[in-house]
Ligand SMILES: [Mn+2]
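Residue numbers (this note's numbering): 1 to 482.
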């Protein structure tokens, strides 16, 4: 936006104002079309012309919320309120950003402000009450001395009603037949009996709790493994991966790199299928934790399809998911990425005490949350958690730990994968047409023991039953996503 010096300052302001408004309208149009990248681009241009408009910041904040850049969304909402402290939407945006970041007390404060300013606004009151309830529940949950749900369950005595004709474990064990029946059952949108769900959860918790935080495997010359990225509750796309690439087996090992749940509305189907395969092929089927396998993320689907108690057990199982996996001492796989500080070693990762909710900083947080960036060095995270790391950071980490490259997931990519940092940082994402709107491909990677050269396979989304993504998301979060 360059302006000729012949304009007087007053006129410049007026022209600038108009230009900015046109840019905002263009951005709004992209926003409506769910093209958030372009929406952000034009809101940013509008802000370059007129950096004192609270609406532009607030709108861009919403676009950032939609692209899950909660750190940027929070910064923009805060900026909007600095400009105009009476701008109600700004408080909503900031509250939604804080909700997404798990900062419920901060969110509550903003809802409180809105209720004070608009005492007759029923919607504001409702949101305040709901946020208050969540903040209260979370505070209690974190104060409680955690007793395992397993101790209060009597699975043996749970009866399976006569009219249930779905899959059952065989003598309490997951078998290949059970897995095939369960996948078909889920495909028809039927619910697994809660006794079977509990059996799977208890057994997989026991199995995962015996694994180290850093899993280390060796592929023989003739062996290959398939690495998948985020699946995010897209059950029908998961079935498509198995159709294209074969069912998991002793000779067809898989590694699923976190974020199995949330967004898509078939998270339970995805996670029970993955846990089932872990039980069936414990040495050839691998799962790593993602940032969504946490309590701050969406709990509603389990609560809607089963009970709050079962969610508790899911939470316990998630806490035992390993955090990273090393293949042939050369390739390191994790959900998010590298670290906020140099000098982290594989030995440090082996020692991480992972049976917990991820902390706000440190190696465990970074493994689940960080993202690569094109420029050297580190930057503040667009997500508001952990950091962004440059090619030099990757280089130093690989050299110190005698590794060739890292594979991570965590970010949607148009082609389903992306190779950055001179081939040393690979992103893989396996939820095609993410949230039914991103239009991206999904991908998975083959790694062979003989050369460890990544081989990329792309796929597109398949149809799924008419249940919208985020169908089970908390209503306060849905507002952010509207
Ligand atoms: Mn993620």
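Quick reminder that beta carbons are idealized off the backbone N, C-alpha and C, glycines included. A quick note: this is a predicted structure, and the numbers were derived from the prediction, not measured.
The C-alpha of residue 416 is placed about 10 angstroms away from the C-alpha of residue 439. Boundaries of the beta strand (DSSP E) harbouring residue 379: 378-380, taken from the DSSP string.
Bridge partners of residue 446 according to DSSP: 226, 455. Partner residues in the beta bridge of residue 408, as assigned by DSSP, are 427.
Assignment of residue 87 by DSSP, reduced to helix, strand and coil, places it in the coil class. Not a single heavy atom of ligand 1 lies less than 7 angstroms from the C-beta of residue 162. The C-beta of residue 451 has fewer than 16 other C-beta atoms within 10 Å across all chains shown, which makes the residue exposed.
Within 7 angstroms of the C-beta of residue 337 there is not a single heavy atom belonging to ligand 1. Residue pairing from DSSP places residue 420 in a beta bridge opposite 425.
With a cutoff of 7 angstroms, residue 90 does not count as near ligand 1, since its C-beta is closer than that to no heavy atom of the ligand. For the segment 347-380, the full-length alpha helix (DSSP H) segments reaching 4 residues or more read 363-369 along the chain. At least one heavy atom of ligand 1 lies closer than 7 angstroms to the C-beta of residue 292. Counting only runs that start and end inside the segment 105-172, the alpha helix (DSSP H) elements of at least 4 residues fall at 122-143.
Cα atoms of residue 414 and residue 156: separation of roughly 47 angstroms, rounded to the nearest angstrom.
For residue 131, the CB contacts under 8 angstroms within the same chain, skipping 5 residues up- and downstream, are 95, 99, 104, 107, 108, 111, 476 in chain order.
In the three-state reduction of the DSSP assignment, residue 471 falls in the coil class, being assigned neither a helical nor a strand state. Secondary-structure assignment with DSSP links residue 217 through a beta bridge to 327. DSSP, read as helix, strand or coil, puts residue 386 in coil. Inclusion of residue 371 and residue 411 in the CB contact set at 8 angstroms is warranted, their separation being smaller than that value. The Cβ atoms of residue 311 and residue 305 do not sit closer than 8 angstroms to each other.
Counting along the chain, the unbroken beta strand (DSSP E) around residue 254 starts and ends at 254-256. Taken through DSSP and simplified to helix, strand or coil, residue 58 comes out as helix. Not one heavy atom of ligand 1 falls within 7 angstroms of the beta-carbon of residue 366. In this structure, the C-beta of residue 410 approaches ligand 1 to less than 7 angstroms from one of its heavy atoms. Here residue 333 is bridged, per DSSP, to 325, 407. Judged by the Cβ position, residue 230 qualifies as a neighbour of ligand 1 at the 7 angstroms threshold, a heavy atom of the ligand being closer than this.
Listed in chain order, the non-local C-beta contacts of residue 170 below 8 angstroms within the same chain comprise 177, 178, local neighbours out to five positions each way being set aside. Secondary structure of residue 249 (DSSP, three-state): strand. For the pair residue 200 and residue 279, the CB atoms are nearer than the 8 angstroms cut-off. Pairing residue 207 with residue 70, the inter-Cα distance amounts to about 34 angstroms.
Between the C-alpha atoms of residue 261 and residue 313 there is a straight-line separation of about 15 angstroms.
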